[in-house]
Amino acid sequence: MDDKKKQRALNAVETELLEIDFDEEKFESYNRKCQVLINYFSVTTTSNTERAIKYQRRALPTFNGDIIQFNLFFREFLRIVDGDPALRIDEKFFTLKSMLKDEPLRLVANLLETEDNYERAKDILKERYKPNGLIYFNCLVNNKPIRAFIDTGAEITCISKNLFDQLKLQIIKNSIINIRQLDNLTQSLGRVKINLQIGRITRCVEAHVVRNLTTNLLLGLDNSQLFDLSLDLNDNCLKQCDKIVNNVQHSSNQQEYHINQNLNENQRHCIREMINQYGDVFAQSKSDVGYINHQHHRIDLSNEMPIFLKPYRTSPREQKNHR
Numbered sequence: 180m181d182d183k184k185k186q187r188a189l190n191a192v193e194t195e196l197l198e199i200d201f202d203e204e205k206f207e208s209y210n211r212k213c214q215v216l217i218n219y220f221s222v223t224t225t226s227n228t229e230r231a232i233k234y235q236r237r238a239l240p241t242f243n244g245d246i247i248q249f250n251l252f253f254r255e256f257l258r259i260v261d262g263d264p265a266l267r268i269d270e271k272f273f274t275l276k277s278m279l280k281d282e283p284l285r286l287v288a289n290l291l292e293t294e295d296n297y298e299r300a301k302d303i304l305k306e307r308y309k310p311n312g313l314i315y316f317n318c319l320v321n322n323k324p325i326r327a328f329i330d331t332g333a334e335i336t337c338i339s340k341n342l343f344d345q346l347k348l349q350i351i352k353n354s355i356i357n358i359r360q361l362d363n364l365t366q367s368l369g370r371v372k373i374n375l376q377i378g379r380i381t382r383c384v385e386a387h388v389v390r391n392l393t394t395n396l397l398l399g400l401d402n403s404q405l406f407d408l409s410l411d412l413n414d415n416c417l418k419q420c421d422k423i424v425n426n427v428q429h430s431s432n433q434q435e436y437h438i439n440q441n442l443n444e445n446q447r448h449c450i451r452e453m454i455n456q457y458g459d460v461f462a463q464s465k466s467d468v469g470y471i472n473h474q475h476h477r478i479d480l481s482n483e484m485p486i487f488l489k490p491y492r493t494s495p496r497e498q499k500n501h502r
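Counting from 1, position 88 in the sequence shown corresponds to residue 267 in this note's numbering; the numbering is continuous, with no gaps.
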C-alpha cells in the first residue's frame, strides 16, 4: 500500500472516531468507580520525604446469599471496607456491590451510590440474611444424639467440657489456643477429633474443648461447609444438598427479653444463654417477682453531731438489755 492510500485510510478512521457520540462525564464516572478497586488492591501514599508505603493486595470476601456465611462476611466487610477512612461513601457502596453475587446483588444493585442508600443497603442485607437467634439442630457425635447449634459468626467448632467428659475423648498434644469471647480471651483445653453426623453425611472433624461452653456443640464455619449445609428462612429449615435435614429451632423466648440496645450482638447472645441456663431464678413477668408485707420506713438524716459517750461500766441486767 502506497503512502497516499495509507493516509486516506488514517483520515477515514480519524473521521469515524470524531463522529462517535462520546459522553465524557459518564466515562469519567465509570472510570472513577473502576479506580476504587484498583486503588484498594494496591495503595501508595507518599509523605513529604517521598517515602512510599505499599499495601499488599488483599482478597475481598464475597457473599452469594448463604445465610450461614453472612455474619462472617459482613464482619469482614465492616473491618476491611466500611471502617476504611480513606474511602468515600460512594466508593464503599460500589465496593460492597462488587462483593455481592446473585440475589444479594439484585437486592441493592439499583440503589444509587449515596450515603442514605448505602445505609439502606446494609440494613436490607442484615434484615434478609442475618439469622435471628441461635440456629439449633440435631446431630450425632460419636453416635451420641445431641442438640447443637450453628454460630454464623464463629470460625471454629467447639464442644463443651461436659460432652468431652461423657465421650472420654483424648486431647491432641500442643493444641491449646486462645479463643475470643466478647471482649475477653479464654483458653481452650485443647483440640479433639470427633465423628460428626449431620443428616446423611458423616465426617471426622476437629473441635476445640471449651470449659464454660453452654451448649454441647457449636458448629463453626470451618466445618459447616463440609456438610453442605444451607439455611432456608422461607421454609424455616436446615437443608443439605437441597434436602431438609430437620426443622430449625430458634432459642425460646428470645423476642420477649428486653435487652439494652447499647450491647453488641455477642453480648446479647451471652445474656440470652445465661437466662436460658438459669431461667428458674429469673422472673418471667412482674407478677412473678413476688413481694413481702413489711412496712417501708423513711429515715431522714440530719447534719447534727452524733451522740457520743465515753465507755462506762454497766450492771449485768443493763448488759442483757443492750443485747
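C-beta atoms are modelled at their ideal positions from N, C-alpha and C, and glycine is treated no differently.
Provide the residue(s) that pair with lysine 372 in DSSP beta bridges, ordered along the chain. In the sequence shown, counting from the first residue as 1, residue 372 sits at position 193. Lysine 372 pairs with Glu385.
My guess is that arginine 370 and isoleucine 351 are in contact by the Cβ rule of under 8 Å, so how many angstroms apart are they, rounded? Locating residue 370 in the sequence shown gives position 191, counting from the first residue. Locating residue 351 in the sequence shown gives position 172, counting from the first residue. Right, the Cβ-Cβ distance comes to about 5 Å (below 8 Å), so this counts as a contact.
Cα-Cα separation, aspartate 302 to aspartate 401: The residue labelled residue 302 in the question sits at position 123 within the sequence shown. The residue labelled residue 401 in the question sits at position 222 within the sequence shown. About 27 Å.
Is cysteine 449 helix, strand or coil when you go by DSSP? As a first step, residue 449 is located in the sequence shown; it is residue number 270 there, counting from the start. If DSSP states are grouped into helix, strand and coil, cysteine 449 belongs with the helices.
If contacts are defined as beta-carbon pairs under 8 Å, then threonine 241 and lysine 280 qualify, I think. What distance do you get, rounded to the angstrom? Position 62 of the sequence shown, counted from the first residue, corresponds to residue 241. Position 101 of the sequence shown, counted from the first residue, corresponds to residue 280. Contact flag correct, Cβ pair sits at about 6 Å.
Evaluate lysine 340 with the Cβ neighbour count: other Cβ atoms within 10 Å of its Cβ, from every protein chain shown; 16 or more gives buried, anything less gives exposed. In the sequence shown, the residue the question calls residue 340 occupies position 161. When all chains shown are included, lysine 340 counts as exposed.
Quick one: what's got a C-beta closer than 8 Å to leucine 284's C-beta in the same chain, skipping five residues either side? Within the sequence shown, the letter at position 105 stands for residue 284. Excluding positions up to five away in sequence, the list reads Lys276.
Using only the alpha-carbon positions, how far apart do valine 287 and glutamate 255 sit? Within the sequence shown, the letter at position 108 stands for residue 287. Within the sequence shown, the letter at position 76 stands for residue 255. Answer to the nearest angstrom: the Cα atoms are 19 Å apart.
At 3 residues or longer, what runs of the beta strand (DSSP E) sit wholly inside the segment 277-343? 314-320, 323-329 and 337-339
Would you report the Cα separation of arginine 258 and isoleucine 325, rounded to the nearest angstrom? Within the sequence shown, numbered from 1, the residue matching residue 258 stands at position 79. Within the sequence shown, numbered from 1, the residue matching residue 325 stands at position 146. Approximately 35 Å, taken between the alpha carbons.
Where do the N-terminal and C-terminal ends of the alpha helix (DSSP H) with leucine 400 fall, by residue? In the sequence shown, the residue the question calls residue 400 occupies position 221. Residues 400-403.
Report the three-state DSSP secondary structure of glutamine 186 (helix, strand or coil). Within the sequence shown, the letter at position 7 stands for residue 186. Of the three classes helix, strand and coil, the one that applies to glutamine 186 here is helix, per DSSP.
Between which residues of its own chain and leucine 319 is the CB-CB distance below 6 Å, once the five residues before and five after are set aside? The residue you call residue 319 lines up with position 140 of the sequence shown. Closer than 6 Å at Cβ, skipping near neighbours: Gln376.
Could you give the distance in angstroms between the alpha-carbon of glutamine 345 and the alpha-carbon of histidine 476? Mapped onto the sequence shown, residue 345 falls at position 166. Mapped onto the sequence shown, residue 476 falls at position 297. Their Cα atoms are separated by approximately 54 Å.
Per DSSP, which residues does threonine 393 bridge with? Please list them. In the sequence shown, the residue the question calls residue 393 occupies position 214. DSSP, once it has assigned bridges, lists no residue as partnering threonine 393.
Three-state class that DSSP yields for lysine 138 in the structure shown: Not covered by the structure: residue 138. The range shown for the chain is 180 to 502.
Please classify glutamine 349: does DSSP put it in a helix, a strand, or coil? Sequence index remark: in the sequence shown, residue 349 carries index 170 (1-based). Coil at glutamine 349, not helix or strand.
Checking the sheet assignment: what are the DSSP bridge partners for isoleucine 380? The count along the sequence shown starts at 1 and reaches residue 380 at position 201. Its beta-bridge partners are Ile377.
Own chain, CB closer than 8 Å to lysine 499, minus 5 neighbours either side, in chain order: Here residue 499 corresponds to residue number 320 of the sequence shown, with the count starting at 1. Contacts found: none.
So if DSSP puts threonine 493 in a beta bridge, which residue, or which two residues, is it bridged to? As a first step, residue 493 must be located in the sequence shown, where it is residue number 314. Answer by DSSP bridge pairing: none, since threonine 493 is not bridged.
When you compare only the Cα positions, how much space is there between asparagine 243 and arginine 187? Residue mapping note: residue 243 aligns to position 64 of the sequence shown, counting from 1. Residue mapping note: residue 187 aligns to position 8 of the sequence shown, counting from 1. If you take the alpha carbons of asparagine 243 and arginine 187, they lie about 53 Å apart.
Just confirm the distance between the C-beta atoms of glutamine 366 and isoleucine 355, as a whole number of angstroms; I'd bet it's less than 8 Å. Translated into positions along the sequence shown, residue 366 becomes position 187. Translated into positions along the sequence shown, residue 355 becomes position 176. Sure, about 6 Å apart at Cβ, within 8 Å.
Please look up how many angstroms separate the CB atoms of phenylalanine 316 and phenylalanine 328, rounded, as I've assumed it's under 8 Å. Sequence index remark: in the sequence shown, residue 316 carries index 137 (1-based). Sequence index remark: in the sequence shown, residue 328 carries index 149 (1-based). That pair is a contact at about 7 Å.
Minimum C-alpha distance to lysine 271 - residue among Leu396, Ile246 and Ala300: Here the question's residue 271 lines up with position 92 in the sequence shown. With distances taken between Cα atoms, lysine 271 lies closest to Ala300.
I'd like the list of long-range same chain contacts for glycine 399, defined as Cβ closer than 6 Å, with 5 residues on each side in sequence excluded. Looking up residue 399 in the sequence shown gives position 220. Correct list, in chain order: Ala333, Glu334, Ile335 and Thr336.
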